[in-house]
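To get the working numbering, take the position in the sequence shown, counting from 1, and add 88. Even for Gly, the Cβ is constructed at its ideal location relative to N, Cα and C. Everything numeric in this text was worked out from a predicted model, so none of it was measured. These notes are about the structure you will find just below.
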Amino acid sequence: MSRVQMLKCRAALVGVAVLSFSGALRADAVEDFYRDKQLNLLIGYETGGGYDTFARTLARHMGQYIPGKPAIIARNMPGAGSLTVTNYIYNVAPKDGATLAAVGREMPTAALFGQENIRFRTDEFTWIGNLESAETFCGAWHTTGFTKAEELLQRPLIVGATTGDSITVTQPAALNNLLGTKFKVIAGYRGGADMHLALQRGEIEGRCAWTWSSLQTAGPTWIADGTVKVLLVSGLKRSKRFPDVPIAPELAKTEDVRQALELLLSPDITARPILAPPKVPADRIAALRAAFDKTVADPAFVAETEKQHLDLSPMGGAEMEAIIKKLYQTPKAVVDMTIAATKKTDTTDVKALPAK
Numbered sequence: 089m090s091r092v093q094m095l096k097c098r099a100a101l102v103g104v105a106v107l108s109f110s111g112a113l114r115a116d117a118v119e120d121f122y123r124d125k126q127l128n129l130l131i132g133y134e135t136g137g138g139y140d141t142f143a144r145t146l147a148r149h150m151g152q153y154i155p156g157k158p159a160i161i162a163r164n165m166p167g168a169g170s171l172t173v174t175n176y177i178y179n180v181a182p183k184d185g186a187t188l189a190a191v192g193r194e195m196p197t198a199a200l201f202g203q204e205n206i207r208f209r210t211d212e213f214t215w216i217g218n219l220e221s222a223e224t225f226c227g228a229w230h231t232t233g234f235t236k237a238e239e240l241l242q243r244p245l246i247v248g249a250t251t252g253d254s255i256t257v258t259q260p261a262a263l264n265n266l267l268g269t270k271f272k273v274i275a276g277y278r279g280g281a282d283m284h285l286a287l288q289r290g291e292i293e294g295r296c297a298w299t300w301s302s303l304q305t306a307g308p309t310w311i312a313d314g315t316v317k318v319l320l321v322s323g324l325k326r327s328k329r330f331p332d333v334p335i336a337p338e339l340a341k342t343e344d345v346r347q348a349l350e351l352l353l354s355p356d357i358t359a360r361p362i363l364a365p366p367k368v369p370a371d372r373i374a375a376l377r378a379a380f381d382k383t384v385a386d387p388a389f390v391a392e393t394e395k396q397h398l399d400l401s402p403m404g405g406a407e408m409e410a411i412i413k414k415l416y417q418t419p420k421a422v423v424d425m426t427i428a429a430t431k432k433t434d435t436t437d438v439k440a441l442p443a444k
């Protein structure tokens with residue numbers, strides 16, 4: 089070997105050593121940051137619903153996979169279908185990787201749909217992962233007599249919803265405007281748990297944008313015993329659980345309506361997002377994403393979600409980020425049609441209902 093070749097070889101070895109050393113330093117820096125630290129996981133909904141249950145389960149397991157093993161404390165910050173906590177994470181929370189949030193599935197596309205009171209840029213969030221690619225549907229309580237999708241075009245079904253521009257409001261409204269369904273929306277409930285109580289009290293007759301996990305949290309036997317009837321799947325492909333139930337795009341009479349419905353229903357792909365503020369250091373983002381991936385594959389975590397009847401179907405942060413970016417490339421004409429459909433709402437506030 090010539091002297092020049094020997095020098096090149098030594099330089100390469102030194103380079104490898106330097107890279108290895110710097111990688112170790114970065115790993116140590118992340119571990120030093122999180123050691124003995126409390127990491128906050130803020131939940132954009134009240135206690136007792138599907139989002140709350142999922143997030144608290146994640147909090148119990150994820151800390152062990154973050155370098156430094158920080159304690160994760162789950163806290164509820166409900167409001168406006170999780171818009172309150174999303175605005176907080178973007179504008180107020182420290183951008184150091186010590187605060188995460190579990191937000192509603194409509195938050196990734198809220199800016200695209202022109203939701204009011206948004207104080208964030210979607211493309212600047214740090215997406216950590218997604219716990220569920222949800223099977224969502226419109227369902228009716230057994231006392232209504234609804235048995236199939238066609239009946240939604242013939243007579244009203246009173247459905248519950250949260251507040252603001254929540255998908256529980258905008259989805260039934262859009263189905264009314266694009267397909268001709270006759271949902272009557274009662275808005276103002278604080279979350280899924282309150283809506284389930286309202287169903288049992290006879291205050292409402294059903295729900296739209298209803299996830300399988302939320303249903304299982306409230307009534308694991310409601311489908312099997314006929315308490316709830318699934319009428320229309322709010323998805324892009326037929327459900328394996330309900331193969332005979334049509335999906336909303338199948339009822340579209342024109343191609344542009346079909347495309348608008350596909351955009352409207354796309355948030356179900358990332359139904360349980362976990363995010364962090366913008367500008368979190370890259371090494372901490374990598375550590376948090378890796379910890380999320382390890383947690384959702386942990387047999388103990390999986391077993392706990394199964395015990396709670398949660399529909400775990402996770403997605404990593406990088407994949408989630410790519411999907412969200414693609415949604416924001418949708419043609420403007422389709423976006424405008426979808427927005428117009430979601431804005432034409434006819435709701436009654438829950439406060440206006442007669443006392444039970």
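| Item | Value |
| --- | --- |
| Looking at the secondary structure, which residues open and close the beta strand (DSSP E) in which tryptophan 229 lies? | 224-229 |
| Assign arginine 417 to one of two classes, buried (16 or more other C-beta atoms within 10 Å of its C-beta) or exposed (fewer than that). | Reading off the sequence, residue 417 comes out as glutamine, not arginine. Label assigned to glutamine 417: exposed. |
| Look up leucine 324 in the DSSP assignment and say whether it is helix, strand or coil. | coil |
| Looking at the secondary structure, which residues open and close the beta strand (DSSP E) in which leucine 363 lies? | 361-364 |
| Use the C-beta contact count for leucine 318: other C-beta atoms within 10 angstroms, 16 or more gives buried, fewer gives exposed. | Looking at the sequence provided, one finds valine at residue 318 rather than leucine. When all chains shown are included, valine 318 counts as buried. |
| Scan the segment 279-321 and note each continuous beta strand (DSSP E) run of 3 residues or more that stays entirely inside, going in chain order. | 294-299, 316-321 |
| Go through its chain and collect everything with a Cβ distance to glutamate 212's Cβ below 8 Å, but skip five positions before and after it. | Tyr178, Pro366, Lys367 |
| Determine the extent of the beta strand (DSSP E) in which valine 191 is found, giving its start and end residues. | Neither: valine 191 is in no beta strand (DSSP E) and is coded neither H nor E. |
| Give the secondary structure of threonine 214 by DSSP, where H, G and I count as helix, E and B as strand, and everything else as coil. | strand |
| Closest by CA to aspartate 399, which one among Ala143, Gly169, Asp437, Tyr133? | Ala143 |
| With a threshold of 16 other CB atoms inside 10 Å of the CB of threonine 430, please say whether the residue is buried or exposed. | buried |
| Is the segment 191-199 close to the segment 163-180, with three or more CB pairs under 8 Å? | yes |
| With distances taken between CB atoms, is the gap from glycine 151 to phenylalanine 121 smaller than 9 Å? | no |
| Where are the alpha helix (DSSP H) runs, 4 residues long or more, that stay fully inside the segment 121-195, in chain order? | 138-150, 171-179 |
| For arginine 163, count the other beta carbons within 10 Å of its own beta carbon; 16 or more makes it buried, fewer makes it exposed. Which is it? | exposed |
| Between valine 423 and asparagine 218, what straight-line distance do the alpha-carbon atoms span, to the nearest angstrom? | 24 Å |
| Report buried or exposed for glutamate 223, applying the criterion of at least 16 other Cβ atoms within 10 angstroms of its Cβ. | buried |
| To the nearest angstrom, how far is it from the Cα of histidine 40 to the Cα of alanine 281? | Not covered by the structure: residue 40. The range shown for the chain is 89 to 444. |
| Please determine if the segment 301-313 and the segment 264-271 are in contact, where contact requires at least 3 C-beta pairs separated by less than 8 Å. | no |
| Check whether the Cβ atoms of alanine 199 and threonine 214 lie closer than 9 Å to each other. | no |
| What would DSSP say about isoleucine 206, mapped onto helix, strand or coil? | coil |
| Enumerate in chain order the residues of its own chain whose CB-to-CB distance from tryptophan 258 is below 6 Å, with the five nearest sequence positions on each side excluded. | Residue identity check: residue 258 is threonine in the sequence provided, not tryptophan. Only Thr430 meet the Cβ criterion. |
| According to the neighbour-count rule (16 or more other Cβ atoms, all chains shown, within 10 Å of its Cβ), is valine 180 buried or exposed? | exposed |
| Since aspartate 437 sits in a beta bridge, which residues does DSSP pair it with? | Ala275 |
| Among Thr145, Ile427, Ala228, Val247, which residue has its Cα nearest to the Cα of glutamate 204? | Ile427 |
| Assuming leucine 349 is part of the alpha helix (DSSP H), what are its boundary residues? | 343-353 |
| Contact defined as beta carbons within less than 8 Å: I believe glycine 297 pairs with serine 322. What is the distance between those atoms, to the nearest angstrom? | Inspection of the sequence shows that residue 297 is occupied by alanine rather than by glycine. Indeed they touch by this definition, with Cβ atoms about 6 Å apart. |
| So, using beta-carbon positions, are leucine 146 and leucine 129 closer together than 9 Å? | yes |
| Mapping DSSP to helix, strand and coil, what is alanine 429? | helix |
| Since valine 247 sits in a beta bridge, which residues does DSSP pair it with? | Val273, Gly294 |
| Do you know offhand how far alanine 336's Cα is from leucine 324's? | 8 Å |
| Below 9 Å between beta carbons: does that hold for phenylalanine 208 and threonine 251? | no |
| Can you tell which of Glu343, Gly248, Gly137, His230 has its C-alpha closest to the C-alpha of aspartate 313? | His230 |
| For glycine 268, which of helix, strand or coil comes out of DSSP? | coil |
| Considering lysine 414, what are the terminal residues of the alpha helix (DSSP H) in which it resides? | 405-415 |
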